[in-house]
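Trainee: The structure is given below, and queries will be raised subsequently.
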Amino acid sequence: MTGHRHLLSPIRLRGHTLRNRIVFGAHTANMSDMGLPGPRFAAYLLERALGGAGMIVAEPMPVHRTGVLTRGNFLHGTDEVIPHFRKVTEPVKEAGAVILQQLYHIGAHGDSDLSFAPHWGPSGGPSYHDSDGSHAMTEAEIEELIDAHVAAAVRCHKAGFQGVEVWAAYHSLLDQFWTPWSNRRDDRWGGSLENRTRLSRTIIEGIRRACGEDFIIGLAISTSDSHDVLLQGESLAEIVAMHDATGHIDYVTCGHGGYLDFERLMPTFLYGEKLTAPFTEELRKIVRHAKVTSEAHVRTPENAEAIIASGQADMVSIVRGQIADPHLARKTAEGRAEDVRGCISCNQMCWGRRSRDYWISCLINPSAGREFEWGGDRFTPAARPRRIVVVGAGPAGLEAARVAAERGHRVDLFEAQPRVGGQFRLAGEQPRRGQILDLLDWYERQFEKLQVRLHLNTYAEPGDIRALSPDAVVLATGSLPDPDGFQRWMPGADRLPGIDLGNVWAPEDVMGREAKLGETVLLYDEGGSWRGLGTAWAMAERGHRVTIVTPEPFIGKELARTSADIGLRPRLARLGVTFLTEHLVAEWHGDAATVRNLLTGEETRLAASALVLSTTNRAFDPLSADLADVETHLIGDAAAPRHAPYAFHEGRKTGLAL
Numbered sequence: 004m005t006g007h008r009h010l011l012s013p014i015r016l017r018g019h020t021l022r023n024r025i026v027f028g029a030h031t032a033n034m035s036d037m038g039l040p041g042p043r044f045a046a047y048l049l050e051r052a053l054g055g056a057g058m059i060v061a062e063p064m065p066v067h068r069t070g071v072l073t074r075g076n077f078l079h080g081t082d083e084v085i086p087h088f089r090k091v092t093e094p095v096k097e098a099g100a101v102i103l104q105q106l107y108h109i110g111a112h113g114d115s116d117l118s119f120a121p122h123w124g125p126s127g128g129p130s131y132h133d134s135d136g137s138h139a140m141t142e143a144e145i146e147e148l149i150d151a152h153v154a155a156a157v158r159c160h161k162a163g164f165q166g167v168e169v170w171a172a173y174h175s176l177l178d179q180f181w182t183p184w185s186n187r188r189d190d191r192w193g194g195s196l197e198n199r200t201r202l203s204r205t206i207i208e209g210i211r212r213a214c215g216e217d218f219i220i221g222l223a224i225s226t227s228d229s230h231d232v233l234l235q236g237e238s239l240a241e242i243v244a245m246h247d248a249t250g251h252i253d254y255v256t257c258g259h260g261g262y263l264d265f266e267r268l269m270p271t272f273l274y275g276e277k278l279t280a281p282f283t284e285e286l287r288k289i290v291r292h293a294k295v296t297s298e299a300h301v302r303t304p305e306n307a308e309a310i311i312a313s314g315q316a317d318m319v320s321i322v323r324g325q326i327a328d329p330h331l332a333r334k335t336a337e338g339r340a341e342d343v344r345g346c347i348s349c350n351q352m353c354w355g356r357r358s359r360d361y362w363i364s365c366l367i368n369p370s371a372g373r374e375f376e377w378g379g380d381r382f383t384p385a386a387r388p389r390r391i392v393v394v395g396a397g398p399a400g401l402e403a404a405r406v407a408a409e410r411g412h413r414v415d416l417f418e419a420q421p422r423v424g425g426q427f428r429l430a431g432e433q434p435r436r437g438q439i440l441d442l443l444d445w446y447e448r449q450f451e452k453l454q455v456r457l458h459l460n461t462y463a464e465p466g467d468i469r470a471l472s473p474d475a476v477v478l479a480t481g482s483l484p485d486p487d488g489f490q491r492w493m494p495g496a497d498r499l500p501g502i503d504l505g506n507v508w509a510p511e512d513v514m515g516r517e518a519k520l521g522e523t524v525l526l527y528d529e530g531g532s533w534r535g536l537g538t539a540w541a542m543a544e545r546g547h548r549v550t551i552v553t554p555e556p557f558i559g560k561e562l563a564r565t566s567a568d569i570g571l572r573p574r575l576a577r578l579g580v581t582f583l584t585e586h587l588v589a590e591w592h593g594d595a596a597t598v599r600n601l602l603t604g605e606e607t608r609l610a611a612s613a614l615v616l617s618t619t620n621r622a623f624d625p626l627s628a629d630l631a632d633v634e635t636h637l638i639g640d641a642a643a644p645r646h647a648p649y650a651f652h653e654g655r656k657t658g659l660a661l
């Protein structure tokens, strides 16, 4: 326990003992099956309980038909969920974790496509989730929602949950009532602080009466300074103190951001860590009964220990960190914090998939959401150890080699470069993306422990591979930039006119510092992802004058699903980067480009010392034809160029199958 003794110390809530201060906090996993929790969701939570989390707060349960927000939400208003949730709660408790469920209603910020109902809010303000307005609730409807919260809590109690977390964060329904800007009512539910908090206090009092004194009740809040109209620190602290004084709430958990500043709600690497710790430190000074939980970018055991040890909070909520490594708590308790696979704060497969209404997963942990199929994030030894050769140490090859070695196979890993990582290492060289480099260091530590033989600076030839007499070969040789500069929205031109004039580079050339760019650079970004935009950011920080040309209507289209685009565009603009949307590069002249407006067809000549093309790569597979008589597995970009999550997924899947 040395080094993390504060984090690993137990704590009691309403008679229940948490084995440590690590919470796997509430988040929408979107894993329901026709509105019911099934094997996917049950195994997802159980894996984090087996991984040592002290408390798990299950996915938010909408309390009312007007609060449904995702396709994967659980059924509201029916006892049908109770026996199904028992199959979730009982194994989690047997694994040693305390389990609660969050209760929520989004208020005005609903989604008509999913609820097919008016958004209920205090005063009929606009939705910040879509373009709809909301319905100003009548007193009878307010009473209906009070009853709905209490009824949902009773179902949770019957389903084996040891408590509930009442959601008042991110400018949701209860926060909307608290906030004068969104609560314009002049009845007993609006105006004074007493009136504006009446709804939340009445709900909590009702839950306490209905569910008893040994039932944990938490309160979820969030802090934001993005807009003056939102509740600021002192006002929010006063509201928390009012609820704490009732003695009914057992903890308050504080997140960051909300529907008016969504990019902060699940902060990517664009933002600092431990975002709410300063405010939770102030909350601890005013509460008398409730414990305080700090969340928002508490990724690592070190972050968490620092928060607890310094008195900034009683507990920490680590969500994405335990999606990335469900055994974070257990490894820390065993003195193996260096073995924790750290979240890289990318949001690509957690919020990125949820934003498209799929169940969530993880870029670096493809077992997330597949625990019931793959046996969690643990490995069963192979029936017969085999000799495995992996060629290519990018994401696919790294994961295939690690998993094969975890299962007891003898693994040789060949990499042509002097370091592991491939293109993923170049991504780690982009601004603020050092967490990727930390992950690559983690792989190297795992290889040392697992006795994977790593051959760096080695371009594997067929003869080298055959000399090892492998039982199976995994080809993860990646992809290369398209040498022809093909653009998908100029499909009739197989090759960019003028590309042979030179001064044309790929993002890999730029990040590898092989490109000779000059002062003024055009970057054609076809993907709207970090490959091009992170490269533009790096070039701007190095002093180049950068113009981004994209066929899309805005910069960062692919990043929009992660919310990272919202924070990236201002950073690029402050660095002097200019944006030219809905254009393509019609021709390169060696010192200028002709760009074409996709809306009007008008062409303009833009001077530039270099052109960087972020277009679709081409698969690189130099070996499979010569190894046709050997068991081979072609994975990752070598099979088809894609984003990194699919390379990690195929690496894991292949390693499990060997």
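Just so you know, the sequence shown maps onto residues 4 to 661 in the working numbering. Cβ coordinates follow ideal geometry from the N, Cα and C atoms, glycine included.
(1) Which residue wins for smallest C-alpha separation from L575, given the options H592, F27 and T550?
(2) So, do the segment 75–86 and the segment 125–132 have three or more beta carbon pairs nearer to each other than 8 Å?
(3) Could you please give the first and the last residue of the uninterrupted alpha helix (DSSP H) stretch that includes G654?
(4) Which first and last residues belong to the beta strand (DSSP E) in which K294 is found?
(5) So, using beta-carbon positions, are G275 and L233 closer together than 9 Å?
(6) For the segment 359–373 against the segment 332–343, are there 3 or more C-beta pairs whose distance is under 8 Å?
(7) Short of 7 Å in beta carbon distance, which residues of its chain neighbour N506, apart from the five on each side in sequence? Order them along the chain.
(8) Exposed or buried, what is A396 when buried is set at 16 or more other beta-carbons lying within 10 Å of its beta-carbon?
(9) For R435 and R428, which I take to be in contact (beta-carbon distance under 8 Å), what is that distance rounded to the nearest angstrom?
(10) Where does I219 fall in DSSP's three states?
(11) Can you list, in chain order, the residues of its chain with a C-beta nearer than 6 Å to that of S358? Leave out the 5 residues immediately preceding and following it.
(12) Can you name, in chain order, every residue of its own chain whose Cβ lies under 6 Å from the Cβ of M4, other than the five neighbours on each side?
(13) Throw me the rounded Cβ distance for the H259 and A316 pair, which I believe falls under 8 Å.
(14) Since G530 contacts E561 with CB under 8 Å, what's their CB separation in whole angstroms?
(15) Would P94 and F180 be called neighbours here (beta carbons separated by less than 9 Å)?
(16) Suppose you measure from the CA of V343 to the CA of G193; what does that come to, to the nearest Å?
(17) Grab the span of the beta strand (DSSP E) containing H19 for me, first residue to last.
(18) Which same chain residues end up closer than 6 Å to V414 when comparing Cβ atoms and leaving out the 5 residues on each side of it in sequence?
(19) Rank I311, A56, D629 and V71 by C-alpha distance to the C-alpha of G6 and give the top, closest one.
(20) In the DSSP output, which residue or residues are listed as bridge partners for R390?
(21) Looking at the unbroken beta strand (DSSP E) that takes in G258, where does it start and where does it end?
(22) With a threshold of 7 Å on Cβ separation, who are the neighbours of Q438 within its own chain once the five nearest residues in sequence on each side are excluded?
(23) Can you tell me whether V243 is helix, strand or coil according to DSSP?
(24) Does the distance from the CB of H251 to the CB of R211 come in under 9 Å?
(25) Assign W492 to buried or exposed, taking buried as 16 or more other Cβ atoms, counted over all protein chains shown, within 10 Å of its Cβ.
(26) In chain order, what are the residue ranges of uninterrupted beta strand (DSSP E) at least 3 long that sit wholly in the segment 35–79?
(27) Could you pull out every residue in the same chain whose Cβ sits closer than 7 Å to the Cβ of G18, ignoring the five residues on either side in sequence?
(28) Ignore the nearest five residues each way along the sequence and tell me which others in A156's own chain have a CB closer than 6 Å to its CB.
(29) Helix, strand or coil: how does DSSP classify E168 here?
(30) Just grab the DSSP bridge partners of A596 for me.
(31) In the DSSP output, which residue or residues are listed as bridge partners for T550?
(32) Would the segment 465–485 and the segment 623–642 be scored as touching if the rule is three or more Cβ pairs under 8 Å?
(33) Does G639 come out as helix, strand or coil in the three-state DSSP assignment?
(34) Tell me whether M4 sits in a helix, a strand or coil according to DSSP, three-state version.
(35) Quickly, what does DSSP pair F27 with across the bridge? List them, please.
(36) Beta-carbon separation of F27 and A100 under 9 Å?
Mentor: So, from the data block:
(1) T550
(2) No: the two stretches stay apart, fewer than three of their Cβ pairs being nearer than 8 Å.
(3) Taken as a continuous stretch (DSSP letters only), the alpha helix (DSSP H) holding G654 covers A647 to A660.
(4) K294 to S297
(5) Contact flag unset, no.
(6) no
(7) G593, S612, A613 and L614
(8) buried
(9) Rounded, the Cβ-Cβ distance is 15 Å, inconsistent with contact.
(10) strand
(11) R564
(12) Because M4 sits at a pLDDT of 48, beneath the cut-off of 50, its placement in the model cannot be relied upon, and the point is left open.
(13) Contact flag wrong, Cβ pair sits at about 13 Å.
(14) With 8 Å as the limit, G530 and E561 qualify as a contact, their Cβ atoms being about 6 Å apart.
(15) no
(16) Distance between the alpha carbons of V343 and G193: 48 Å.
(17) H19 to L21
(18) I391, A404, A407, A408 and V455
(19) Checked all of I311, A56, D629 and V71; the closest Cα to G6 is I311.
(20) R413
(21) DSSP places G258 in the uninterrupted beta strand (DSSP E) bounded by Y254 to H259.
(22) F272, G345, I347 and S348
(23) helix
(24) yes
(25) Per the 10 Å Cβ criterion, exposed.
(26) 58–65
(27) D217
(28) V167, I210 and C214
(29) strand
(30) W591 and L609
(31) L525 and T581
(32) A contact exists between the segment 465–485 and the segment 623–642.
(33) Judged by DSSP in its simplified three-state form, G639 adopts helix.
(34) In this prediction, M4 scores a pLDDT of 48, lower than 50, which makes its location untrustworthy; the coordinate-derived value is nonetheless stated afterwards. In this structure, M4 counts as coil in the three-state DSSP scheme.
(35) I59
(36) yes
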